[in-house]
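Residue 124 in this note's numbering sits at position 119 of the sequence shown, with consecutive numbering throughout. Take a look at the structure below.
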Amino acid sequence: MKRFLAVLLSLILAAGSLFVAAFAADGKKEKVYPVILLQGYSGPQLFNQDTGEKAWGLDFDKVKEHVLNDYGKELANGAKEYAKGNPDPLVDTLGTILLDVMDPIACNADGSSKYNLDTFPKGAEATRLSTLIANGQEEYIGEKPIMTGFVEKLTQQGVENAADYIFIYTNDWRKGQAQYAKDIDAYIDEVRALTCSDKVDIYGLSFGGQCGASYLYYYGEKAKVHKACLNVPAIGGTNMVGDPLLGNDITLDFPTILQFVEIGFRSENEWEWILEFLSSLTGGYQNLNKIVNLVAQKYIVDYIDKFGSIWDFIPLNVYDEVKARLIRDGYVDPVAAAPLIAASDEFHYNALANMREGLKRAQKAGTQIAIMSNTGINGVTGTYKNSDYIIDVHTSSGSACAPFGEQFPEDYAPVGTQCGNKKHWHISPDRDIDATCSYLPENTWFIKGQFHGQSNWDSYSREFILEFMFGDSIKDIYSNPKYPQFELAQNPADGLYMRFDNTNSGFHTSEDTALVFTNLSEQYTIDILDISAKGFNLFPEYNSYSGIGAGSTKVISMTDHCFAKSTQPISIKVRYRLNSPQRLIKEKTFTFTHLSDDEIKDYPFINDAAKLIIGENEPAPVTETAPADTTENTPENIEERAEVRLSGGENKVSSKIPKTGSAKRGIALSSFAVITAVAAAGVIIKKKKEEA
Numbered sequence: 006m007k008r009f010l011a012v013l014l015s016l017i018l019a020a021g022s023l024f025v026a027a028f029a030a031d032g033k034k035e036k037v038y039p040v041i042l043l044q045g046y047s048g049p050q051l052f053n054q055d056t057g058e059k060a061w062g063l064d065f066d067k068v069k070e071h072v073l074n075d076y077g078k079e080l081a082n083g084a085k086e087y088a089k090g091n092p093d094p095l096v097d098t099l100g101t102i103l104l105d106v107m108d109p110i111a112c113n114a115d116g117s118s119k120y121n122l123d124t125f126p127k128g129a130e131a132t133r134l135s136t137l138i139a140n141g142q143e144e145y146i147g148e149k150p151i152m153t154g155f156v157e158k159l160t161q162q163g164v165e166n167a168a169d170y171i172f173i174y175t176n177d178w179r180k181g182q183a184q185y186a187k188d189i190d191a192y193i194d195e196v197r198a199l200t201c202s203d204k205v206d207i208y209g210l211s212f213g214g215q216c217g218a219s220y221l222y223y224y225g226e227k228a229k230v231h232k233a234c235l236n237v238p239a240i241g242g243t244n245m246v247g248d249p250l251l252g253n254d255i256t257l258d259f260p261t262i263l264q265f266v267e268i269g270f271r272s273e274n275e276w277e278w279i280l281e282f283l284s285s286l287t288g289g290y291q292n293l294n295k296i297v298n299l300v301a302q303k304y305i306v307d308y309i310d311k312f313g314s315i316w317d318f319i320p321l322n323v324y325d326e327v328k329a330r331l332i333r334d335g336y337v338d339p340v341a342a343a344p345l346i347a348a349s350d351e352f353h354y355n356a357l358a359n360m361r362e363g364l365k366r367a368q369k370a371g372t373q374i375a376i377m378s379n380t381g382i383n384g385v386t387g388t389y390k391n392s393d394y395i396i397d398v399h400t401s402s403g404s405a406c407a408p409f410g411e412q413f414p415e416d417y418a419p420v421g422t423q424c425g426n427k428k429h430w431h432i433s434p435d436r437d438i439d440a441t442c443s444y445l446p447e448n449t450w451f452i453k454g455q456f457h458g459q460s461n462w463d464s465y466s467r468e469f470i471l472e473f474m475f476g477d478s479i480k481d482i483y484s485n486p487k488y489p490q491f492e493l494a495q496n497p498a499d500g501l502y503m504r505f506d507n508t509n510s511g512f513h514t515s516e517d518t519a520l521v522f523t524n525l526s527e528q529y530t531i532d533i534l535d536i537s538a539k540g541f542n543l544f545p546e547y548n549s550y551s552g553i554g555a556g557s558t559k560v561i562s563m564t565d566h567c568f569a570k571s572t573q574p575i576s577i578k579v580r581y582r583l584n585s586p587q588r589l590i591k592e593k594t595f596t597f598t599h600l601s602d603d604e605i606k607d608y609p610f611i612n613d614a615a616k617l618i619i620g621e622n623e624p625a626p627v628t629e630t631a632p633a634d635t636t637e638n639t640p641e642n643i644e645e646r647a648e649v650r651l652s653g654g655e656n657k658v659s660s661k662i663p664k665t666g667s668a669k670r671g672i673a674l675s676s677f678a679v680i681t682a683v684a685a686a687g688v689i690i691k692k693k694k695e696e697a
């Protein structure tokens, strides 16, 4: 239960690192920069400055004990009343638990903190990685897997004692974006002074990506940033916030939540009983969603609408509507909330409305920017927005998107407001994303099928981040053929990856002669059982292929080509067997856009994959767990395996690090009711099991 709550409520940290130094002409980088991590939502811990108590970064054992002792009877009574058709007692109990548990970080109507809170640790010196390690404060180091990659990359490049130059920015994540930008600017100056560097690099994850974009909008012209990687950034907010604040019904897909959590933990056996209990408690997922909506509108909205950060998560296209609704329905007093509203007005009407221009100003000042947007998953609130489950593709990238599960019509004309170059192709292979109107069309990469915050387990994303941050080959979507604008997720949980041999992922031309399959599994072989096509004739040389090894790539020749229109995506369905102990039969469908010989003349970069060496440039598995490891995946064992040395140099970084991070915290933003319900359910069941 502690791990489940940690998934949804605890802190995240992530980081990157580099230091400024001159090297001899022996192949090492001549100059590297300190990297500042901008953390995901609710990452830094908050402490009450009057009492010294931790306000955020909860002791979950105490929370469980508190809920069990003080609310157990009310929950049981609420469940009985709900079974009789009266939801009010259960809704009120869940809402009361929520407000009780979350009161230590509550805000006043004007957006100020109800209590005297501040972050810890704070400041450049205190938040450098080496200081945290020396002080025994490893608990403040999060996103350890990607941190591991950063340290290893630095070490490979000849950087000694890399932890001295890694900085983890801590902020009070309840504030608004305009204030964050100002605070980040001051922190950057601290880091520059401490490292004698003229510039820094920024790695912003999720909410941290929004903070990074806001900083570049307000201060990018100062040319203090060398590179900025904005990974799954909530630049334009998220409908996960907009929907409940608008009063829209939330339709949570609980099995998908389970999948989201399990992928993050790489576990399959821990959460089902919780969902089954909640479903039985309320009479099914449909009724559970009713409870979520009732708790959301009666308790959650009135709690979160006092956070500046929540206001700045509201997408621009619904901002005025949300503001009017909150005032009209009595959630917000426009007089008492005037400072909060004014700050968010500034962000929405100035920064967000002109974000493209702000990012371009930063580029003109010399900042290299990469935006990574995950796609292909329905939004968590169930309102059919193309997303990574937490952040919408539109709000993370600025792109135009078809409704989730649909595609643009054949006569669709690209918006073209940011890129009208007829020689550029910015329509996704599925024809559901138009990047011609993105914030930065030439500097935005899309990864289909990847959940929010899972970059470290995805070989393509992980390698992209490391190469962009520490290499020199990625300038835009054309500069490195390994990283085209549109790519598929390559998490081991995704099983199988496929492309044509000479064309970029998601595309097909007459230059292709074979299908390239990569087994993404870290442990098991796969057998290709059947390959079928829709929208064109496909005649592979073999209809089945056995024994593709873990992490291996195989090529299956084909004797025919597709002549479909580029406005009509084609698909290939692959049925395969994963040779695990269960010998699962699985299916996966891959979608492609075919370009004719005449069309490919206009878009030669689509054939960049021909430059790759098959087998050497395919996704490399991220082997975080050895195949022979049969250790039970208990919370205690995971915590024991989490010990990590991150000082760089000759130190080896553990590959077995707990998979907690911003992705799992994301659900908390719109699902406080579910969190509270699950917490209550867990302690009740735990007590029953102990009594039995």
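Even glycine gets a Cβ: it sits at the ideal position worked out from N, Cα and C.
Starting from the C-beta of residue i, find all residues in its chain whose C-beta is less than 6 Å away, skip the five residues before and the five after it, and write them out in chain order.
i, result
"Asp-607", "Lys-428"
"Pro-339", "Ile-332"
"Ile-536", "Pro-545 and Val-579"
"Phe-9", "A caution first: Phe-9 carries a pLDDT of 35, below 50, which makes its placement in the model unreliable, though a value can still be read off. None."
"Asp-709", "Outside the shown range of the chain (6 to 697) lies residue 709, about which nothing can therefore be said."
"Ser-562", "Ala-519 and Glu-546"
"Lys-453", "Thr-380, Gly-381 and Leu-493"
Nearest-angstrom Cα distance between residue i and residue j?
i, j, result
"Ala-139", "Tyr-185", "28 Å"
"Thr-101", "Thr-400", "33 Å"
"Ala-700", "Ser-349", "Outside the shown range of the chain, which is 6 to 697, sits residue 700, and nothing can be said about it."
"Gly-252", "Gln-302", "7 Å"
"Gly-552", "Thr-530", "6 Å"
"Leu-321", "Lys-369", "25 Å"
"Phe-541", "Gly-381", "23 Å"
"Lys-657", "Gly-387", "At Lys-657 the pLDDT is 29, less than 50, meaning the model places this residue with poor confidence; the figure from the coordinates comes in the next sentence. Approximately 43 Å, taken between the alpha carbons."
"Gly-213", "Thr-441", "25 Å"
"Leu-600", "Phe-469", "26 Å"
"Ala-418", "Ile-438", "12 Å"
"Asn-298", "Pro-249", "8 Å"
"Ser-660", "Tyr-38", "Interpretation of Ser-660 is limited by its pLDDT of 28, a score under 50 that renders its predicted location unreliable; no figure is taken from the coordinates."
"Thr-523", "Gln-459", "20 Å"
"Tyr-550", "Tyr-76", "58 Å"
"Pro-640", "Ile-296", "Caution is warranted here: a pLDDT of 34 is assigned to Pro-640, below 50, making its placement in the model unreliable, and no coordinate value can be reported."
"Trp-450", "Pro-238", "12 Å"
"Leu-122", "Gly-83", "34 Å"
"Gln-54", "Asp-477", "44 Å"
"Trp-462", "Asn-496", "5 Å"
"Asp-254", "Val-300", "12 Å"
"Ala-407", "Asp-194", "42 Å"
In or out: residue i buried (at least 16 other Cβ within 10 Å) or exposed?
i, result
"Thr-132", "buried"
"Ser-484", "exposed"
"Phe-568", "exposed"
"Gln-161", "exposed"
"Pro-260", "exposed"
"Ala-218", "buried"
"Thr-598", "buried"
"Glu-415", "exposed"
"Thr-98", "buried"
"Ser-47", "buried"
Sorted by chain position, which residues of the same chain lie with C-beta nearer than 8 Å to residue i's C-beta, five sequence neighbours on each side aside?
i, result
"Thr-372", "Leu-221, Gly-225, Ala-228, Val-230, His-231, Lys-232 and Ala-233"
"Thr-727", "Beyond the ends of the chain as shown, which are 6 and 697, falls residue 727; an answer cannot be given."
"Arg-588", "Arg-582"
"Asp-108", "Lys-119"
"Glu-351", "Ala-183"
So, for residue i: in the same chain, excluding its five sequence neighbours on each side, which residues have a beta-carbon less than 7 Å away from its beta-carbon?
i, result
"Gly-500", "Leu-525, Ser-526, Leu-583, Lys-591 and Lys-593"
"Asp-435", "Gln-412, Pro-574 and Thr-596"
"Ile-315", "Val-246 and Ile-309"
"Val-337", "Asp-310 and Leu-331"
"Thr-508", "Thr-514, Glu-516, Asp-517, Ile-611, Asn-612 and Ala-614"
With 9 Å as the threshold, decide whether the Cβ of residue i is near any Cβ in chain B.
i, result
"Arg-582", "This model lacks chain B altogether; it includes just one protein chain."
For my contact list, residue i and residue j are in at a C-beta cut-off of 8 Å; report their separation, rounded to the angstrom.
i, j, result
"Asn-292", "Thr-256", "In fact, because the Cβ distance is near 12 Å, the residues do not count as touching under 8 Å."
"Ile-479", "Ile-207", "Rounded, the Cβ-Cβ distance is 15 Å, inconsistent with contact."
"Gly-242", "Phe-318", "4 Å"
**Item:** Inter-stretch contact at 8 Å, needing at least 3 Cβ pairs: the stretch 134-150 / the stretch 103-121
**Value:** Taking 8 Å as the limit for Cβ pairs, the verdict is that the stretch 103-121 does not touch the stretch 134-150.
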